[in-house]
Structures are given as C-alpha cells and as structure tokens.
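Heads up: the structure comes next, in structure tokens.
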Amino acid sequence: MEIIHVSAECYPVAKAGGLGDVVGALPKYQHDLGHVAKVVMPMYRTKFLAANEFDVVHKGYTHLHNYWFNYTIIKERTNKLGFDLYLVDIFGLLDREKIYGYDDDVERFTAFQIAVVDWMVSWAHQPDIIHVHDHHTALIPFMVKYCFAYQKLQNIATVLTIHNGQYQGQTGMDKTVLIPAWDPWKRGLLEWAGALNPLACGIRCAWKVTTVSPTYLEEMRYSSAGLEPLLEYEKGKCSGILNGIDTVVWNPATDRYLVEDHTDVHYDITTAEEGKQKNKARLCQKYNLDPKKPLITFIGRLVGDKGADLLPQVIEESFYYIGRKMNFFILGSGLPEIEGRLQGIRGLSRGDYNTYIGYDEALSHLIYAGADFILMPSRVEPCGLNQMYALRYGTVPVVRNTGGLHDTVIDYGDKDGYGIRFNHATVGDMTHGIWRSVELFQQQEMLREIRQRMMQLDFSWETSVRAYLDLYDRARHGG
Ligand SMILES: Nc1ncnc2c1ncn2[C@@H]1O[C@H](COP(=O)(O)OP(=O)(O)O[C@H]2O[C@H](CO)[C@@H](O)[C@H](O)[C@H]2O)[C@@H](O)[C@H]1O
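Following UniProt numbering, the numbering of the sequence shown begins with 1 at its first residue and continues without gaps.
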C-alpha cells in the first residue's frame, strides 16, 4: 500500500508535542512492514533543514484566494528517517522558525494543504491512502472530494486521525474563500456552529476517522468541545487506535540524549536501579534538588487541559501537608500565567523544587530516566505518550484516570498494576496521588518490583500499526 501522511509536525524535523512523535514513528513502522509511507509537511526553518540534504522534486504555482504563490516540494535525500520525507516550501508563509502561533496560521496551513493536493494532482499514479492528522490538515478530505481542481483525487481513501479534539482550528466562514473553488452545495460540510471548523469538516468528509485511544473516542461522544453530536452521528466510521512509542528513540539502553562525558548512564531492566540513580544524581545536581528524596516531575504543555494550572497549589499543599519529603521538577512552556506562577514558587524551594520553562528535548529524556514519578493530572488526554515513555524508563506514572491514561496505566493497588491513578483533576486528588508516591518510595522493595513490571510492558507500534493497516483496507474496500 502507498500511504501519504500529511501533518504539521514530524519528529525530528519539527515537533511541538505528541503529534510530532506519532508522525515521526508510525510511517517508519509501516515502511518496515513493506508499505510505502511518505510524510509531507511544511518546510519550517528548523535545525533539521540546515543539517540535511534535499532534492527539489516539484515546483508549482497556485493560489490562496487572490494571492498567487509559488511552492516547492523538496525530498530528504537519504531516507534516513525510515520513510520518504517531503517538505513544502511556500515563501512568506511557511518559512518561519516556529510551527504555530502566528496571526496568519489559517492562511499558512490552508496554503500548505492546497500546495499538497495541487502537487498530488500532478502525480502519474495515485496513492492508496491520504492520512491527515489534526485540524491543520483536516480540510484535505473535503478538498479532494469537492474542489473542482482536485477531482482526480476523489477516489483516494482519506483517513483523519484526531490527536487532540480540543483544537479544531475554527475561524470565520469568510475564510472559506481561501479554499479553491468548491461545490457550493457542500457549504454545510465546512460549517460547524456558525464557523469554518476544519476538524469538524474532516470528521464529516474523511472516509475513516480515528482517535489515538479507544477511551478517548468514548469520551468525545459526551465531551469534545462542541463536537459531541457529530461524533455520535459519525460513530460508524470512527475507531480508537492506541498510539505506540518509537522504541528506538525511547530506549534507556541506547538513548542518544543520555550521555555524560565518559560515564555510562544508559541502563536496561537488569541495571535499572543503578542507571536511574546515576541519571537522578545528574538531574538533581544540575537543578539543585535532593537525590535522597523521591523526585516527582511533570513534562508538557502548561495549559489547563494538562491540569498544569493546578501544579503550583498542589506543590505548595504537598509541602505543607505531606512535609518536605519529596522534590518537584517541572519542564514545560505554555500559558504565561502558569509559567509565571511556577517560576514564582521557586522562592519556596529548600533544594526540593525547580522548574525549567521552555522546550528542551534532551532535558525531557534525562527526566524520564532520572525521575522516580511523573505526574499527569490531565483534564483531557487523548492518548498521552509521556506515561508510556516513563514506563519504559522505569518511572512510575501518577495519572488522572482519563482517555489514553485510562487505557495504559493500571494502579499498583490492582492486579498486575504499576502506576498511581486518581479520578479527578483537583488539588485534593492530585495531592493524594503525591502522598501515595511518597509512601511507595519508602517501600523500596515494592518499588523495585513495580519498576521491573513497568519496564517489561510493550507499548511498541507493533499492534497499532497493524490496526491502521486493517483500517486502511476497510476504507478502501468498504466495511
Ligand atoms: N517542554 C517540553 N520539553 C521537551 N519535551 C516536551 C515538552 N513538552 C512536551 N514535550 C514532549 O512532547 C510530547 C508530549 O506528548 P503527549 O502525547 O503527552 O501530548 P500532546 O498534548 O502534545 O499530544 C497530543 O497528541 C498525542 C499524540 O497522538 C497524544 O498522545 C496526546 O494525548 C495529545 O494531547 C512528549 O514527547 C513530551 O516529552
């Protein structure tokens, strides 16, 4: 099968979160099973671009309403990522350092999608599947079906994966003029709740829709930022497929970020205790924390969906009610008020709290390796990768029982369990989770046993990749 993934992110080219991880891994595993998997993404000005060699494969000229633009498609020369990588360059729109966050993001991602389909129309052959990811690429299923210029592509099966349904890309209906001439009778497919809603449009127009865990699909039917009735209506074509993790990138025995001049800080299941101690010592030394106390961490976007707004109060209350028995370390960036509060409470630290505000891939790997616990108090968690990375690195996930966290973490109090689960994204529930972490840390023998159990778990792409292939087959042949 030939599968074209269209995405705004792909690790290691450009990543802002879990979307990048998934699009950097899934095609690789599809390729390993003998399929042709291609990734098409915008050509941002990232380090990857400067550090690698590319060939120009296509040049085109098209338009975004009355703005005509040239675009260029370049292909990474060596296929070093394990799949064919294509980057779309549009001068003045995509040639920026950051992925998101510009005033003209609607125009940028619409132009990107137009360039992708315009290029595909010129192909001599047709791929079997166009797989789009999240709202930035979710207009493509509509465009190939109803834009007059792209009719040649209308029989290609389209699949939309929802990595996070909270972000839908809504904008004014006036922006529909940006989409090249389309069947006016289909206007209703673009509109949801009075706005142009690319995610809702993708859910309606894609041949199949997936969410990144089965539980999240269930949850979306009663809580999905306004899309509930749509998910209920379209449930026949939706399925939940749990993400896997890239076990080559995320392996404590070979992790390229775990390097310390001349000291081997890698570890596997047989050397986990010692290996984690060494990484913890490095982390604690660097950030002025106490390696004798449990190290409880958080990595992620500092937004309400991740429960990050609760962290400052939880940390303060934990110190007050449980005592200074633990360290906290937070890595993240997001809403300025949460960043500010987390930085503000650094004044409370007695060598047991610190934070790094920003995005740092290498530091995140050191945290998975060196921490004892990772906190995920998410209000919404479509799948969550942090807990799966943590499990592979022998770090106990302390999670709210929701979405993909429900599907991947069993409380250590239950049969064959290994994590700590709590039910509500509240300060009380989280603080109780922290208290249980501190208690568990004091029972070192049990913690060792749990660590062994966690590190044996298999969250590789193996199963999920087959589920996607099966879904593609059903999309192509009906069913
Ligand atoms: N400041 C920082 N520095 C370094 N690394 C950082 C970082 N902040 C986050 N990361 C990294 O970004 C990734 C986060 O992935 P998640 O899947 O947990 O969340 P995200 O909400 O981005 O993804 C969405 O898509 C994914 C993929 O489908 C779903 O798992 C998830 O539930 C959904 O919300 C991890 O690799 C993490 O280490």
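Don't be surprised by glycine CBs; every beta carbon is placed ideally from N, CA and C.
Q: Rank V88, E316, I330 by C-alpha distance to the C-alpha of L348 and give the top, closest one.
A: E316
Q: Assign Y29 to one of two classes, buried (16 or more other C-beta atoms within 10 Å of its C-beta) or exposed (fewer than that).
A: buried
Q) Alpha carbon to alpha carbon, what distance is there between I203 and D32? A) 29 Å
Q. Can you find a heavy atom of ligand 1 that lies under 7 Å from the Cβ of G60?
A. no
Q.
If you follow the beta strand (DSSP E) that H135 is in, where does it begin and where does it stop?
A. Here H135 belongs to no beta strand (DSSP E), and DSSP marks it neither H nor E.
Q: Excluding the 5 residues preceding and the 5 following G334 in the sequence, name in chain order all residues of the same chain whose CB lies nearer than 7 Å to its CB.
A: R301, L302, V303, A308
**Q.** Whole beta strand (DSSP E) elements within the segment 106-159, 3-residue minimum
**A.** Taking 3 residues as the minimum length, the beta strand (DSSP E) runs contained wholly in the segment 106-159 are 129-133, in order along the chain.
Q: Identify the continuous beta strand (DSSP E) that holds K208 and give its terminal residues.
A: K208: member of the beta strand (DSSP E) spanning 208-211, first to last residue.
Q) On the three-pair Cβ rule with 8 Å, is the segment 178-196 touching the segment 138-145? A) yes
Q: May I have the straight-line CA-CA distance separating L178 from T110, to the nearest angstrom?
A: Rounded to the nearest angstrom, the two C-alpha atoms are 7 Å apart.
(Q) Please report the straight-line C-alpha distance between T297 and M1, rounded to a whole angstrom. (A) 42 Å
Q) How is R346 classed by DSSP in three states: helix, strand or coil? A) helix
Q. When the distance is taken between beta carbons, is V399 closer than 8 Å to L405?
A. yes
Q: Could you check what DSSP says for N76 in three-state terms: helix, strand or coil?
A: This sequence places Glu at residue 76; Asn is not what is there. E76 falls in the strand class under three-state DSSP.
**Q.** Uninterrupted beta strand (DSSP E) stretches inside the segment 380-411 (no shorter than 3 residues)
**A.** Here the runs fully enclosed are 396-400.
Q) Is it the case that the CB of C238 approaches a heavy atom of ligand 1 more closely than 7 Å? A) no
**Q.** Alpha carbon of N79 to alpha carbon of P229, nearest angstrom
**A.** Rounded to the nearest angstrom, the two C-alpha atoms are 42 Å apart.
Q | Pair within 8 Å by beta-carbon distance, T137 and V212 | A | no
Q. From C284 to H63, what distance separates their C-alpha atoms?
A. If you take the alpha carbons of C284 and H63, they lie about 53 Å apart.
Q: Can you give me the start and stop residues for the alpha helix (DSSP H) that I99 sits inside?
A: Taken as a continuous stretch (DSSP letters only), I99 belongs to no alpha helix (DSSP H), as it is neither H nor E.
**Q.** Top-ranked residue by Cα proximity to D84, from V117, V23, K47, D105
**A.** Answer by Cα proximity: V23.
(Q) I'd like to confirm something about E219: is its beta-carbon nearer than 7 Å to some heavy atom of ligand 1, or not? (A) no
Q: Please report the residue range of the alpha helix (DSSP H) in which A475 lies.
A: 462-477
(Q) Buried or exposed, going by whether 16 or more other CB atoms sit within 10 Å of the CB of V56? (A) exposed
Q. Measuring CA to CA, which of L310, M326, Y320, Y393 is closest to E339?
A. L310
Q | Among T215, F328, D105, Y418, the one whose alpha carbon lies nearest that of R350 | A | F328
Q) Any idea if residue 486 is buried or exposed, counting beta-carbon neighbours within 10 angstroms, 16 or more meaning buried? A) No information on residue 486 is available, as it lies outside the stretch 1 to 479 that the chain covers here.
Q) Which one or two residues does DSSP pair with K59 in a beta bridge? A) T72
Q: Write down the C-beta distance between A272 and R453 rounded to the nearest angstrom, noting that I regard them as a contact closer than 8 Å.
A: Going by Cβ atoms, the distance from A272 to R453 rounds to 11 Å, so no, they are not a contact pair.
Q: Count the other C-beta atoms from every protein chain shown that fall within 10 angstroms of the C-beta of S122, then say buried if there are 16 or more, exposed otherwise.
A: exposed
**Q.** Among G394, R187, V248, nearest to Q277 - alpha-carbon criterion
**A.** Checking every option, the nearest Cα to that of Q277 belongs to G394.
Q) Does the Cβ of S223 lie closer than 7 Å to at least one heavy atom of ligand 1? A) Not so, every heavy atom of ligand 1 lies at least 7 Å from the Cβ.
**Q.** S378, DSSP secondary structure in three states
**A.** Coil at S378, not helix or strand.
Q. Where do the N-terminal and C-terminal ends of the beta strand (DSSP E) with H5 fall, by residue?
A. 2-6
Q: Please find out if some non-hydrogen atom of ligand 1 comes closer than 7 Å to the beta-carbon of R350.
A: Judged by the Cβ position, R350 fails to qualify as a neighbour of ligand 1 at the 7 Å threshold, every heavy atom of the ligand being at least this far.
Q: For D84, name the three-state secondary structure that DSSP assigns.
A: strand
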